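**Q** Quick one: this structure, given as structure tokens, is what I'll be asking you about.
Protein chains: 2
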Amino acid sequence: MKTLITPLAGATALFFSSAALADNHDPAKLQNEALQDSLAFEITEGLTTEVGPRLGGTEAEARARDWAVRKLNSLGFDNVRIEPFNMPTWVRGTETAEVTSPFPQKLKLTALGNSGSTPPEGLEAEVRFFPTLAALAAVPDGSLKGKIAFVSHQMMRSQDGSSYGAFGPVRFIGPNIAARKGASAMVIRSVGTAYRRNPHTGNTNFSDRVTPIPAAALSIPDAENLRRMVERADEPVKMKLVLTPQNIGEQESGNVIAEVPGRDPSLPMILIACHLDSWDLGTGAFDDAAGCGITTAAAKKIMEHGQPLRTIRLFWAGAEEVGLWGARAYTEAHGETRHAIAMESDFGADKVWRVEFNLPEAAQPLREKIVEALAPLGIGSLGPPASGGPDVRSIISAQNLAAIDLQQDGTRYFDLHHTPDDTLDKIDPEQMRQNVAAWTTVLSIIANSDVDFTMPAKE
Amino acid sequence: MKTLITPLAGATALFFSSAALADNHDPAKLQNEALQDSLAFEITEGLTTEVGPRLGGTEAEARARDWAVRKLNSLGFDNVRIEPFNMPTWVRGTETAEVTSPFPQKLKLTALGNSGSTPPEGLEAEVRFFPTLAALAAVPDGSLKGKIAFVSHQMMRSQDGSSYGAFGPVRFIGPNIAARKGASAMVIRSVGTAYRRNPHTGNTNFSDRVTPIPAAALSIPDAENLRRMVERADEPVKMKLVLTPQNIGEQESGNVIAEVPGRDPSLPMILIACHLDSWDLGTGAFDDAAGCGITTAAAKKIMEHGQPLRTIRLFWAGAEEVGLWGARAYTEAHGETRHAIAMESDFGADKVWRVEFNLPEAAQPLREKIVEALAPLGIGSLGPPASGGPDVRSIISAQNLAAIDLQQDGTRYFDLHHTPDDTLDKIDPEQMRQNVAAWTTVLSIIANSDVDFTMPAKE
């Protein structure tokens, strides 16, 4: 039955006038239906159970693409396809750590993406503690020769996720700074918010001018323990690290695309994104199987009620976590495609609490309609301008696109994000349904509008 | 200064009459002082930071004993000593698991204490799922040949910890049953309550008639994932296990003893216990550095205010987790010592919510005094009879001793117990102080009473 949906939807469209279709896509009605959704959870459950972790460039990610194609076809979407691309690939190896003196004990850590390697037998060195990234940056170049730099500071939970931007640099650029200072390796306190022995990975970036050093994140309890050791020891604290990740060269990744064809192909399409890949430690439920589930369930709900005016394109991006390779590949491949607006779901599955916009003047009445339609879901609208999620920012920038962001509550996001604890059990199906309802509402409005979304040229 | 406390306390005793001393140990006054305590946390912090994990029989546990002796001496206790004993010792090896088909992915698990080993290259076999231990027990002996038995059922949080007793058998005896059925290995869902990728270890016991099989606990998210795989797979789920723990033979462990000498050595002593060893995955903050901190801080508070009537003996037991070896060694060594009453703190550091008693008729007025004195701390008294903690049950049983239990709130105990997440950050200093206040209150009453605690002979 499922494979028959597309032809039927197409056929149905022939029998309805535009007005009837618009009525069929009544936002309030679809919102109510979407509050009963089970598809978003089903997708998240399937992907995390049947594939699990799916690091960009790996065989597991390839299995995830095949899974996605099967799923999207079975749901009746059109033009389901993989758009492959190549990208340099880094994979995790052994990772152990122990304090060797004066308080011997093992510590839990995980390598950061792009981390260099220790020798197979490990590296033992004195730990030099810095309470902030600025304190590390302030020491002279070359002054940390033979030392393990250790930066440890807290990060608070924040609903809008802004703390991650504020405290992320210790991970993004800390190891590069430590390498410049001559350090043999760097360990950081996980850029996360959960007091669990599960460290928070993520990419770090080395400039071409330095040789990547081993770089890892300690779990928060371990970082606090190491800091206490440094503070109470009468002698330097020594640590042994074994980190053996590898660069395995160019590997194939790919984007998965699917569409709900619009009645008027001359109108620019709506692009809705999530990312298919995940970090390798968890099963990537919150980050970002949930986003694929939410956006796909909303598009499917629209499709069930007849053909929308504009084409809706689903974009399940590949290799997001490891450097936004899928987003760049999409922009390269689709630079000539006319997009009206781009949106993404990539911040877990907790409730949407605010909608943000970046729309041209002509779309202001539509904005008011959206705000009103989302109000029953408890979604406010007083926030900064929309900027799009990570996988659509490239095309937004290249084509100067309009954007709408359905901001999810990120209070517990960094308890889970990039950790082994990002698993299906963290999804609250009730909150997830509110997401599907919000997305369905917005899609029902924008995909049936012929307003001109062209943004004013940037100065 | 610290080492001078004992002689001073002794000297002080000469100048006070018994009445003056009793006044010095006024329960309400000491309770208020104990609510400002920082010693319990200091001990917990020191032991978890400077020693960390300390599995019974290992070199780390020996370092913990040395740490304890230094600490207890520096606090001014009397007769501080190690009482060594030998015990068979099991140590963890490599532990990895992966589903190999039809949904390949790694799973997180940890070997149970006394687990057998797989070959170094691992063991791959079909998973046979059972929703309960009874379902496993119901299959014929020998029927699981070449299979990995998998039992997975939930356990609810409970304030009094009773769910652990109800659901613990899957760990305590499940692998022995699976071995009898012919299984190659057994995996269970962790007997714990936290949705984290950190499994819950603990001992399992094999009878002499079966050869121990590899036995491990999956983290709860992994157990749920494996169960979903079994339920959705069209073919048997296969799993590869690498578990290489070893029995390393008889090793030395030991109990650490310290005393606050009483004014009347002819009166039977008060025994207060905790255990010094921990499981190897966490730093043993909740289980049970906290118990040592709480009981020691209370005894120290009594000591600071002059000599009590009865001797208070601190008993930091060795090798509790791996089979109550310290408790047995204590009973063997001190079977002739007259004890009045035995108490233990071994259930974390959250607030005491109930006091339980097992006292002779003669001590009923004392019981009423204790109930009244604990009421300001919010501690109720309507519960079952006291039975003592794990390290004092042996001596209670051997000598038919009275007992008082200060029951701690165990709601989050099995989120942490026996997992890597049992670390210092889980201690709430404010709740810990309430524990010290409760213990100080009880000690101030019972250690200054000459009531006869002799229990009526058992039938």
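Going line by line, the protein sequences match chains A and B. Following my numbering, the numbering of the first sequence begins with 191 at its first residue and continues without gaps. Following my numbering, the numbering of the second sequence begins with 191 at its first residue and continues without gaps. In this text, a Cβ means the ideal position worked out from N, Cα and C, and glycines have one as well. Since the model is a prediction, treat every value here as computed from it, not as a measurement.
Go ahead and label methionine 346 (chain B) buried or exposed: buried means 16 or more other beta carbons lie within 10 angstroms of its beta carbon, across all protein chains shown.
**A** For this step, residue 346 (chain B) is matched to residue 156 along the second sequence. When all chains shown are included, methionine 346 (chain B) counts as exposed.
**Q** Let me confirm a value: glycine 452 (chain B) is counted as buried when at least 16 other C-beta atoms fall within 10 Å, else exposed. Which label applies?
**A** The sequence position of residue 452 (chain B) within the second sequence is 262, counting from 1. Under this definition glycine 452 (chain B) is a buried residue.
**Q** Near phenylalanine 340 (chain B), which residues of its chain fall below 6 angstroms by C-beta distance, leaving aside the five closest residues on each side in sequence?
**A** Position 150 of the second sequence, counted from the first residue, corresponds to residue 340 (chain B). These residues qualify, in order along the chain: Val317, Phe319, Val377.
**Q** In the structure shown, what three-state DSSP assignment does phenylalanine 505 (chain A) receive?
**A** In the first sequence, the residue the question calls residue 505 (chain A) occupies position 315. The answer is strand: DSSP assigns phenylalanine 505 (chain A) an E or B state.
**Q** Give me the Cβ distance between glycine 600 (chain A) and serine 348 (chain A), rounded to the nearest whole Å; I'm assuming they're in contact under 8 angstroms.
**A** Taking the first residue of the first sequence as 1, we reach residue 600 (chain A) at position 410. Taking the first residue of the first sequence as 1, we reach residue 348 (chain A) at position 158. 7 angstroms between Cβ atoms; contact.
**Q** Tell me whether proline 197 (chain A) sits in a helix, a strand or coil according to DSSP, three-state version.
**A** Residue 197 (chain A) sits at position 7 when you count from the first residue of the first sequence. Because the pLDDT of proline 197 (chain A) is 39, which lies under 50, any placement of that residue in the model is unreliable, and the number read from its coordinates should be weighed accordingly. Proline 197 (chain A): helix per DSSP, three-state reduction.
**Q** Any C-beta of chain B sitting closer than 8 angstroms to the C-beta of proline 550 (chain A)?
**A** As a first step, residue 550 (chain A) is located in the first sequence; it is residue number 360 there, counting from the start. Not an interface residue.
**Q** Considering only residues of the same chain and omitting the five flanking positions on each side of proline 458 (chain A), which have a CB-CB separation below 6 angstroms?
**A** Here residue 458 (chain A) is taken as the residue at index 268 of the first sequence, counted from 1. Hits under 6 angstroms: Arg528, His529, Ala530.
**Q** Between B:Leu633, B:Ala254, B:Ala448, which lies nearest to alanine 218 (chain B) when the distance is taken from Cα to Cα?
**A** Stepping through the second sequence from its first residue, residue 218 (chain B) is reached at position 28. Measuring from the Cα of alanine 218 (chain B), the nearest candidate turns out to be B:Leu633.
**Q** If you measure between the beta carbons of isoleucine 492 (chain A) and alanine 637 (chain A), is that distance less than 8 angstroms?
**A** As a working mapping, residue 492 (chain A) is identified with position 302 in the first sequence. As a working mapping, residue 637 (chain A) is identified with position 447 in the first sequence. Yes.
**Q** Would you say threonine 473 (chain A) and aspartate 612 (chain A) are within 8 angstroms of each other, going by their C-beta atoms?
**A** As a working note, residue 473 (chain A) is residue 283 in the first sequence. As a working note, residue 612 (chain A) is residue 422 in the first sequence. In contact: threonine 473 (chain A) and aspartate 612 (chain A) (Cβ atoms closer than 8 angstroms).
**Q** Taking asparagine 415 (chain B) as the query, report the chain A residues whose CB atoms sit under 8 angstroms from its CB, ordered along the chain.
**A** Position 225 of the second sequence holds residue 415 (chain B). Thr238, Thr239, Gly242, Thr473, Thr613, Leu614, listed in chain order.
**Q** Three or more beta-carbon pairs under 8 angstroms between the region 234 to 253 of chain A and the region 396 to 411 of chain A, yes or no?
**A** Taking 8 angstroms as the limit for Cβ pairs, the verdict is that the region 396 to 411 of chain A does not touch the region 234 to 253 of chain A.
**Q** Counting only Cβ pairs nearer than 7 angstroms, list the residues of chain B close to methionine 419 (chain A).
**A** Against the first sequence, residue 419 (chain A) aligns to sequence position 229. The answer, in chain order, is Thr239.
**Q** As an exercise, report each continuous alpha helix (DSSP H) stretch of at least 4 residues that is fully enclosed by the region 526 to 559 of chain B, in chain order.
**A** For the region 526 to 559 of chain B, not a single whole alpha helix (DSSP H) run of length 4 or above is found.
**Q** Within 8 angstroms of any Cβ in chain A, is that where the Cβ of tyrosine 385 (chain B) sits?
**A** As a position in the second sequence, residue 385 (chain B) is number 195, starting the count at 1. Closer than 8 angstroms: yes.
**Q** Starting from the beta carbon of proline 310 (chain B), find every residue of chain A whose beta carbon is closer than 9 angstroms, and list them in chain order.
**A** As a position in the second sequence, residue 310 (chain B) is number 120, starting the count at 1. The contacting residues do not exist; proline 310 (chain B) stays about 16 angstroms from chain A at best.
**Q** Select from the region 422 to 446 of chain A all residues with a C-beta closer than 8 angstroms to any C-beta belonging to chain B, and list them in chain order.
**A** The residues in question are Arg422.
**Q** Relative to the C-alpha of cysteine 146 (chain B), which residue among B:Ala224, B:Glu440, B:Leu229 is closest?
**A** Past the boundaries of the shown model lies residue 146 (chain B); chain B is included only from 191 to 649, so the question cannot be answered.
**Q** Considering just the uninterrupted stretch of the beta strand (DSSP E) at lysine 616 (chain A), what are its terminal residues?
**A** Translated into the one-based positions of the first sequence, residue 616 (chain A) becomes position 426. Taken as a continuous stretch (DSSP letters only), lysine 616 (chain A) belongs to no beta strand (DSSP E), as it is neither H nor E.
**Q** Taking the alpha-carbon of tyrosine 520 (chain A) as reference, which of A:Ser443, A:Ala565, A:Gly332 has the nearest alpha-carbon?
**A** Here the question's residue 520 (chain A) lines up with position 330 in the first sequence. Residue A:Ser443 is the option with its Cα nearest to tyrosine 520 (chain A).
**Q** Quick check on DSSP: helix, strand or coil for isoleucine 569 (chain B)?
**A** Along the second sequence, read from residue 1 onward, the residue named residue 569 (chain B) stands at position 379. If DSSP states are grouped into helix, strand and coil, isoleucine 569 (chain B) belongs with coil.
**Q** Starting from lysine 298 (chain A), find everything on chain B with Cβ-Cβ shorter than 7 angstroms and list it in chain order.
**A** Counting from one through the first sequence, the residue named residue 298 (chain A) turns up at place 108. Pro610, listed in chain order.
**Q** If you draw a straight line from the C-alpha of serine 208 (chain B) to the C-alpha of proline 498 (chain B), how long is it?
**A** Taking the second sequence and counting its residues from 1, one reaches residue 208 (chain B) at position 18. Taking the second sequence and counting its residues from 1, one reaches residue 498 (chain B) at position 308. Legend: pLDDT at serine 208 (chain B) = 45, less than 50; position of this residue unreliable, value from coordinates given subsequently. Approximately 9 angstroms between the Cα atoms of the pair.
**Q** Beta carbon of aspartate 536 (chain A), beta carbon of cysteine 464 (chain A): below 8 angstroms?
**A** The residue labelled residue 536 (chain A) in the question sits at position 346 within the first sequence. The residue labelled residue 464 (chain A) in the question sits at position 274 within the first sequence. Cβ atoms of aspartate 536 (chain A) and cysteine 464 (chain A): closer than 8 angstroms.
**Q** With 16 other CB atoms within 10 Å as the buried threshold, where does isoleucine 338 (chain B) fall?
**A** What you label residue 338 (chain B) is simply residue 148 of the second sequence in a count that begins at 1. Classification of isoleucine 338 (chain B): buried, given that the 10 Å Cβ count is 16 or more.
**Q** For the beta strand (DSSP E) that contains methionine 277 (chain B), what are its first and last residues?
**A** For the purposes of this step, residue 277 (chain B) is taken as the residue at position 87 of the second sequence. 268 to 281 is the extent of the beta strand (DSSP E) around methionine 277 (chain B).
**Q** Determine which residues share a DSSP beta bridge with arginine 379 (chain A) and list them.
**A** Position 189 of the first sequence holds residue 379 (chain A). According to DSSP, arginine 379 (chain A) bridges with A:Leu408.
**Q** Does any C-beta atom of chain A lie closer than 8 angstroms to the C-beta of glutamine 295 (chain B)?
**A** Mapped onto the second sequence, residue 295 (chain B) falls at position 105. Output row for glutamine 295 (chain B): interface = yes.
**Q** Have a look at A:Pro292, A:Gly355, A:Phe357, A:Ala368 and flag the residue whose alpha-carbon is nearest the alpha-carbon of alanine 328 (chain A).
**A** By 1-based counting over the first sequence, the position of residue 328 (chain A) is 138. Among A:Pro292, A:Gly355, A:Phe357, A:Ala368, the Cα nearest to that of alanine 328 (chain A) belongs to A:Ala368.
**Q** For leucine 334 (chain B) and proline 610 (chain A), what's the separation of their Cα atoms in angstroms?
**A** Sequence index remark: in the second sequence, residue 334 (chain B) carries index 144 (1-based). Sequence index remark: in the first sequence, residue 610 (chain A) carries index 420 (1-based). Their Cα atoms are separated by approximately 32 angstroms.
**Q** What is the residue span of the beta strand (DSSP E) that arginine 255 (chain A) lies within?
**A** The sequence position of residue 255 (chain A) within the first sequence is 65, counting from 1. Note, arginine 255 (chain A): premise wrong, no beta strand (DSSP E); alpha helix (DSSP H) at 249 to 264.
**Q** Going along chain A in order, which residues have a C-beta closer than 9 angstroms to the C-beta of asparagine 388 (chain B)?
**A** The sequence position of residue 388 (chain B) within the second sequence is 198, counting from 1. The contacting residues are Arg386, Arg387, Asn388, Pro610, Asp611.
**Q** Do you know whose CA, among B:Phe643, B:Glu223, B:Asn445, lies nearest leucine 514 (chain B)'s CA?
**A** In the second sequence, the residue the question calls residue 514 (chain B) occupies position 324. Of B:Phe643, B:Glu223, B:Asn445, the residue nearest in Cα terms is B:Asn445.
**Q** Find the nearest neighbour of glycine 332 (chain A) within the set A:Lys371, A:His343, A:Val360, A:Pro321, judged by alpha-carbon distance.
**A** In the first sequence, the residue the question calls residue 332 (chain A) occupies position 142. Selected option, being the one with the closest Cα: A:Lys371.
**Q** How many whole angstroms separate the CB atoms of histidine 607 (chain B) and aspartate 467 (chain B), which I take to be in contact at a CB cut-off of 8 angstroms?
**A** Your numbering for residue 607 (chain B) matches position 417 in the second sequence. Your numbering for residue 467 (chain B) matches position 277 in the second sequence. Histidine 607 (chain B) to aspartate 467 (chain B), Cβ: 14 angstroms. No contact.
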